[in-house]
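Residue numbers (my numbering): 42 to 266. Ideal Cβ placement from N, Cα and C applies to all residues, glycine included. Here is the structure we will look at, set down as structure tokens.
If you want it as structure tokens, here you go:
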């Protein structure tokens with residue numbers, strides 16, 4: 042089965058065509074955008090399909106990163122994955138950025154617990170903890186830096202994600218560290234989705250609300266005739 046993986050959770054707009062039977066990547070396209078995922082994603086997908094010598098009809102599933110990550114990017118990626126899956130009558134499979142980062146850390150340090158943590162600003166950390174078999178035992182959740190540091194000190198895990206340096210600095214000690222990025226390599230999402238198989242339809246994992254909120258104080262009262 043060929044699987045298309047999509048990632049718009051962070052700065053990257055990425056797509057990969059993956060052969061789940063042979064367990065190898067056939068083609069990919071990755072742009073480091075920051076913003077503008079909606080305008081570029083379909084072109085990135087087209088480039089990945091061409092690189093993988095396949096087309097939409099040759100796909101058996103769609104994988105997508107569901108966050109936590111960019112509020113807008115997640116909406117773009119997940120809505121595109123669900124739309125393609127519906128049109129092609131194939132499953133869409135969601136993979137969190139934290140489990141993808143943890144999987145890469147576990148590859149570098151097998152048999153270790155992993156704390157995947159993303160710096161969410163406002164002194165908040167988006168965190169998930171995985172045991173030695175990469176089974177989720179905590180999160181994904183919003184935690185304080187102090188709570189995450191306490192968890193790291195108590196368990197000495199491998200760290201992964203953008204908050205790794207912050208945790209080490211706050212703890213006053215070094216930890217083994219996997220990827221320090223906001224998202225994993227696109228083929229990691231493909232591999233994890235292929236192992237999961239079909240399940241519930243993916244939806245964005247928002248651990249807190251959007252930064253942009255309606256300014257109710259500026260709403261004028263409706264004038265009745």
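- Taking residue 175 as the centre and dropping the five residues before and after it, the same chain places the C-beta of 147 closer than 6 Å to its C-beta, in chain order.
- Within the segment 178-212, the complete alpha helix (DSSP H) runs of at least 4 residues fall at 186-196, 205-212.
- By the neighbour-count definition (other C-beta atoms within 10 Å, threshold 16), residue 220 is a buried residue.
- Judged by DSSP secondary structure, residue 176 falls outside any alpha helix (DSSP H); it is assigned neither H nor E.
- Using a Cβ distance threshold of 9 Å, residue 215 and residue 185 do not count as a contacting pair.
- Residue pairing by DSSP places residue 123 in no beta bridge whatsoever.
- In the DSSP assignment, residue 241 falls outside any beta strand (DSSP E), carrying neither H nor E.
- Measuring C-alpha to C-alpha distances from residue 125 to each of 209, 87, 171 identifies 87 as the nearest.
- Cβ atoms of residue 105 and residue 85 stay farther apart than 8 Å, at about 13 Å.
- Residue 141 is a Cβ neighbour of residue 233, given a cutoff of 9 Å.
- Pairing residue 205 with residue 190 gives a Cβ-Cβ distance that is not under 9 Å.
- For residue 93, the closest C-alpha among the options 83, 70, 101 is that of 70.
- The beta carbons of residue 192 and residue 179 sit closer together than 9 Å.
- Annotated three-state conformation of residue 65 is strand, per DSSP.
- Cβ contact annotation for residue 48 (same chain, cutoff 7 Å, sequence separation greater than five): 55, 106, 118, 224, 227, 230, in chain order.
- Under DSSP, residue 145 forms no beta bridge with any residue.
- Rounded to whole angstroms, the gap between the alpha carbons of residue 245 and residue 45 is 18 Å.
- The Cβ atoms of residue 103 and residue 63 do not sit closer than 9 Å to each other.
- Residue pairing by DSSP places residue 59 opposite 44, 66 in a beta bridge.
- Rounded to whole angstroms, the Cβ separation of residue 208 and residue 158 is 6 Å, and the two are in contact under 8 Å.
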